[in-house]
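Using the UniProt record's numbering, the first residue of the sequence shown is number 1, and each one after it goes up by one.
Every residue, glycine too, gets a C-beta built ideally from N, C-alpha and C.
Notes to accompany the following structure.
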Amino acid sequence: MPAHRELQAAFGAALTGTGVPPGVIATGDVARRFAVYRNTVQHSLTDALSQRFPVIRRLVGARFFDAVAGVFIRAHPPRSPVIAVYGAAFADFLDGFPPARRLAYLPDVARLEWARGLAFHAADAAALTPAAFADATAHDPDRVALTLHPCLHLLGSDYPVVSIWRANQPGADPAPLPAGGEAALIFRDAGDVPVLPLDPPTFRMIGALAAGKPMGAALAHADQDQIARTLSTLLRHGLIVGTAPFQNTRFP
């Protein structure tokens with residue numbers, strides 16, 4: 001008789017495959033009844049992906065999206081009972097999905113949408129006020145490292161992902177897409193998850209701060225106006241939650 005874990009594995013595989021797993025006991029047509037259950041599970045997973053990636057669904061159309069979702073579900077069945085974490089591999093899956101190659105920007109749009117979900121569900125943290133930040137950085141700010149809010153995410157892309165995402169929001173006015181890539185700052189703000197475009201210097205600065213570099217190293221190649229705008233953006237949106245003297249000598 002198969003072990004309990006083997007039965008669970010076979011049952012899970014059958015939910016995203018075909019056939020009936022061993023050990024199923026039911027009255028009537030077992031195959032038909034299990035097929036109904038399988039369809040319910042796959043519909044629920046497809047719906048979860050639709051809610052997590054609404055812009056992808058809008059870009060490719062509902063019919064194509066549902067077909068892609070079906071292939072993804074079979075290749076990447078859930079590993080957690082928490083439906084909110086399902087879909088982490090979807091962007092990478094699109095990268096290698098031949099029918100989607102003509103829309104080369106899709107994977108990065110999916111990464112943006114996934115980052116919005118992560119930002120929405122991130123832990124809370126108390127933000128520093130501008131006054132507290134000024135006090136903490138008053139002495140030798142170049143050697144101070146910042147702790148940024150756990151809801152903050154950055155995305156750089158070779159495609160205009162912010163413009164594509166904005167153009168596909170409900171009620172958005174049609175507008176020509178810019179040429180070239182865009183970078184995004186994604187965070188939670190009072191229950192909403194804004195997506196802000198960043199110029200390359202600001203993207204690099206925030207990325208360096210998020211990586212734990214001291215302010216002196218993170219802001220070394222920016223002018224004073226760029227530094228002021230970057231810190232103002234982070235403070236205005238409550239994205240700086242702590243400071244600490246930097247001790248590691250890896251960074252100059």
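Nearest in C-alpha terms to VAL144, of all of ALA134, LEU152 and THR233, is ALA134.
Just so you know, the alpha carbons of VAL68 and ALA179 end up roughly 28 angstroms apart.
Shown here, PRO245 sits in a strand according to DSSP, grouped into three states. Three or more beta-carbon pairs separated by less than 8 angstroms are not found between the region 78 to 88 and the region 136 to 152, which leaves the two stretches without contact. The beta carbon of TRP114 sits closer than 8 angstroms to the beta carbons of ARG52, PHE53, GLY87, ALA88, PHE90 and ALA91 from its chain, once the five residues preceding and following it are set aside; these are given in chain order. THR202 is the residue among THR202, SER232, LEU234 and LEU235 whose C-alpha sits nearest the C-alpha of ALA220. It is roughly 11 angstroms from the alpha-carbon of LEU103 to the alpha-carbon of TYR159. DSSP lists ILE186 as the beta-bridge partner residues of VAL195. Note on SER232: under 16 other CB atoms within 10 angstroms of its CB, so exposed under the neighbour-count rule.
Here GLY171 is exposed: its Cβ has fewer than 16 other Cβ atoms, across all protein chains shown, within 10 Å. ALA244 and ASP124 have their alpha carbons spaced roughly 19 angstroms apart. Note on ASP108: 16 or more other CB atoms within 10 angstroms of its CB, so buried under the neighbour-count rule. The region 182 to 189 and the region 148 to 164 touch, with no fewer than 3 CB-CB distances between them shorter than 8 angstroms. Residue pairing by DSSP puts PRO214 in a beta bridge opposite ALA145. A straight-line Cα-Cα distance of about 19 angstroms links ALA62 and LEU112. Within the DSSP bridge table, the entry for GLY156 names ALA183 as partners. At a Cβ-Cβ threshold of 8 angstroms, VAL195 and ARG74 do not count as neighbours.
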